[in-house]
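Data first, discussion second: the structure below is written as structure tokens.
Chains as they are written, first to last, in the working numbering: chain A, 21 to 127; chain B, 162 to 372.
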């Protein structure tokens, strides 16, 4: 029991300086890709999907490595991420069909 | 990979222990705050998307210079300040107090640079006739959503700078421990993360392709 408790409370810091530099580098590369995409004259809907996709990858990198969630107990992940996904899905379901209807109502 | 996942699952059972998430309460509290704050930003961004979709003359005013170059540079500043914050947390956990304080102050400096550059851009837009309630290029709501979104984010950066300065002071005087530094780091990375959505949706989706 006591062994379990000390193991649970101890804070360990995985992740080296090199790893964080790599994450930073890839975040910059993805930002560069986004800026280039903006000038590709793509159809707005496709561009929005690509930009949001890249942003989701970037935020996943930040949350996993910079915010350390990858190295935490899976319980913390299960508290934070599915909750957020659920709330956002509910907001999207109730907001966006209406907004798209307005687009069709335009003369 | 699969093996380590199983290890994590096996180690995550509460089992009557005192710390079900293997974190201190400060960290869990910050994560829950960030969860609610990300919903605040999500609804702000969704409101922007809604207004933009339902508008018939939404402007695309941002030229590559100065607006896009400036915004890309702001992204670079925020990402780099996140890197120094990671270094600060690592140094704090190794108990290298002086190094950690210097890294925290560097991070705060990045935040100050971000706010100053962003405010300069705001005043440039004011001079061109775009304010929160007026916009000479088209739909006046463009100004409202632009200044609303970037203003809410700028408020978070400003609060973050104050927060980091307090943490640096307290950690330097050994009143705070490494956990405080780590929790302030979580907040700072979150501010960075939000900008990763505001930058493409507000700036890159409004790039002036005619210029």
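Heads up, the beta-carbon is just placed ideally off N, CA and C, and yes, glycines get one too.
Residue i by DSSP, collapsed to three states: which one?
i	result
residue 40/A	helix
residue 344/B	helix
residue 55/A	helix
residue 370/B	coil
residue 164/B	Residue placement at residue 164/B is flagged as unreliable, the pLDDT there being 48, under the threshold of 50; the coordinate-derived value follows with that caveat. Helix.
residue 170/B	The predicted position of residue 170/B is uncertain, since its pLDDT is 49 and thus under 50; a value taken from the coordinates is nonetheless stated next. Reduced to three states, the DSSP call for residue 170/B is helix.
residue 27/A	Note that residue 27/A scores 40 on pLDDT, short of 50, meaning its location in the model is unreliable; the coordinates nonetheless yield the value given after this. Looking at residue 27/A - three-state DSSP - the assignment turns out to be helix.
residue 96/A	helix
residue 49/A	helix
Got a sec, what are the start and stop residues for the alpha helix (DSSP H) residue i sits in?
i	result
residue 364/B	No alpha helix (DSSP H) holds residue 364/B; DSSP gives it neither H nor E.
residue 221/B	Counting along the chain, residue 221/B falls outside any alpha helix (DSSP H), and DSSP gives it neither H nor E.
residue 192/B	186-214
residue 283/B	258-288
residue 231/B	230-254
residue 88/A	From DSSP, residue 88/A is part of no alpha helix (DSSP H); its letter is neither H nor E.
residue 324/B	302-333
residue 73/A	64-81
Does the beta-carbon distance from residue i to residue j come in below 8 Å?
i	j	result
residue 318/B	residue 249/B	no
residue 369/B	residue 227/B	no
residue 349/B	residue 321/B	yes
residue 359/B	residue 311/B	yes
residue 356/B	residue 303/B	no
residue 71/A	residue 92/A	no
residue 267/B	residue 245/B	yes
residue 115/A	residue 86/A	no
residue 300/B	residue 216/B	yes
residue 313/B	residue 205/B	yes
residue 323/B	residue 265/B	no
residue 276/B	residue 315/B	yes
residue 332/B	residue 261/B	yes
residue 344/B	residue 187/B	yes
residue 195/B	residue 325/B	no
residue 82/A	residue 50/A	no
residue 203/B	residue 113/A	no
residue 199/B	residue 96/A	no
residue 148/B	residue 339/B	Since the first residue of chain B shown is 162 and the last is 372, residue 148/B is not available in this structure.
residue 242/B	residue 272/B	yes
residue 122/A	residue 214/B	yes
Can you pull the chain B residues whose beta carbon is under 8 Å from the beta carbon of residue i, in chain order?
i	result
residue 82/A	243, 350, 353, 354, 357
residue 103/A	196
residue 54/A	360, 361, 365
Please list the partners that residue i has in chain B, where partner means a Cβ-to-Cβ separation under 9 Å.
i	result
residue 20/A	Because chain A is modelled from 21 through 127, residue 20/A falls outside the range shown and cannot be assessed.
residue 87/A	192, 195, 346, 347, 350, 351, 354
residue 68/A	210, 361, 362, 366
Report the neighbours of residue i on chain A: residues whose CB is nearer than 7 Å to its CB, in chain order.
i	result
residue 236/B	51
residue 184/B	92, 96
residue 306/B	Here the premise fails: no neighbours, minimum Cβ distance about 14 Å.
residue 292/B	Residues of chain A passing the Cβ test: none, with the nearest at roughly 25 Å.
residue 207/B	111, 115
residue 302/B	Neighbours of residue 302/B on chain A: none; closest Cβ ~13 Å, over 7 Å.
Strictly below 7 Å CB to CB, what residues from chain B border residue i?
i	result
residue 40/A	244, 247
residue 47/A	240
residue 108/A	203
residue 113/A	Ordered by position in chain B, no residue passes the 7 Å Cβ test against residue 113/A, which lies about 12 Å from the chain.
Give the interface partners of residue i over in chain A, defined as CB-CB distance under 8 Å, in chain order.
i	result
residue 370/B	59, 61
residue 229/B	55, 58
residue 311/B	Per Cβ cutoff of 8 Å: no residues; residue 311/B is ~16 Å from chain A at best.
Taking Cβ-Cβ distances shorter than 9 Å, what residues in chain A pair up with residue i?
i	result
residue 200/B	104, 107, 108, 111
- Residues within the segment 265-285 of chain B neighbouring chain A, beta-carbon criterion of under 9 Å: For the segment 265-285 of chain B, which is checked against every Cβ of chain A, not one residue is closer than 9 Å.
- Task: Report the residues of the segment 211-227 of chain B with a CB closer than 7 Å to any CB of chain A, ordered along the chain.
- Result: Within the segment 211-227 of chain B, the residues whose Cβ lies closer than 7 Å to some Cβ of chain A are 211, 214, 215, 217, listed in chain order.
- Residues of the segment 316-347 of chain B whose Cβ lies closer than 7 Å to any Cβ of chain A, in chain order: The segment 316-347 of chain B vs chain A, Cβ under 7 Å: 347.
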